[in-house]
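When the sequence shown is numbered by UniProt numbering, its final residue is 237 and no position is left out of the sequence of numbers. Worksheet: the structure to be examined is printed underneath.
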Amino acid sequence: MDEAKKPFLIGVAGGTASGKSTVCKRIIEKLGQADINERQRQVVSISQDSFYRELSDAEKVKAQNGKFNFDHPQAFDEKLMYSTMQDILQGKKVTINSYNYRTNSLSPEDQITIYPADVVIFEGILVFYFPEIRDLFHMKLFVDTDSDTRLARRVPRDIKERGRDLDQVLNQYMMFVKPAFEEFCSPTKKYADVIIPRGADNTVAINLIVHHVQELLHPSTGTNGMNGHYNNGSMYL
């Protein structure tokens, strides 16, 4: 890819355990990009979790006890997110840290290199919350999954993959996750170009988005495949 070429930036927002990462994974798989060398991929995905800010010692203690709000906008490094997205849009290679959910910290020793690509997907609960970052996206998707389903997914995930106990997961959900979703995440749905009910289970929506991305990668005459029902400026698929 010509490094001067401006990539197409897709934002994918939605509540915790709504299926954002799985939607991104399905899109990349259906585009045949999953098994391609990272230096040659045309489509790459980045998680907003890589931009959690470093916690103070006091905050680390709170986090260990499930009493730190990771769903609040102030939990993220907004400036680093913005500068990284700017570099990506300029076709630059960027390096970001992975996030360790068990230690609630960034892992500089486990860095992820993002090479210039034609399409870059940035997913996270608050990717549309920050106006400067929101305005960078060429397409905005919101994964809209029922709250009961999201909680049912989050509980086993946090216990099995992140070393939490049941009481901690449920307390954190009621104390921070649910209120933060209602205050910060859910209102950003209005900025979405496309709303995807049921997340990765909505194969029709994913196939339509894949078709649209294919048109971006390989332009041709004809429809871009984005046929759906618009509601308040957003498309429900």
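Positions of the beta carbon are idealized from the N, C-alpha and C atoms, including for glycine.
- Short of 6 angstroms from the beta carbon of M81, and not among the five residues preceding or following it, lie these beta carbons of its own chain, in chain order: F51, I133.
- For I28, there is no enclosing beta strand (DSSP E); the enclosing alpha helix (DSSP H) covers residues 20–30.
- Annotated as distal: L89 and L141, with beta-carbon spacing of 8 angstroms or more.
- Taking Q48 as reference, the option from F76, S56, I28 with the minimal CA-CA separation is F76.
- Residue state for G199 is assigned as helix, using DSSP reduced to three classes.
- Distances from the CA of V23 to each of D87, V204, R102 were compared; the closest alpha carbon is that of V204.
- Between A17 and R198, the gap from beta carbon to beta carbon reaches 8 angstroms or more.
- For the 8 angstroms CB-CB criterion, V213 and V43 form a contact.
- Bridge pairing for L9: V120 [DSSP].
- Residue pairing from DSSP leaves F70 without any beta-bridge partner.
- According to DSSP, K140 shares a beta bridge with G11.
- Counting along the chain, the unbroken alpha helix (DSSP H) around V61 starts and ends at 57–64.
- Exclusion of the five residues before and after Y191 leaves F128, R134, K140 as the residues of its chain whose Cβ lies within less than 7 angstroms of its Cβ.
- In the three-state scheme derived from DSSP, where H, G and I count as helix and E and B as strand, N37 is classed as coil.
- Counting C-beta pairs with one atom in each stretch, the segment 64–74 and the segment 168–178 have three or more that are closer than 8 angstroms, which means they touch.
- Taken through DSSP and simplified to helix, strand or coil, D110 comes out as strand.
- In the assembly as shown, R41 is a buried residue. Its beta-carbon has 16 or more other beta-carbons within 10 Å.
- K189 is positioned such that its CB atom lies no closer than 8 angstroms to that of I196.
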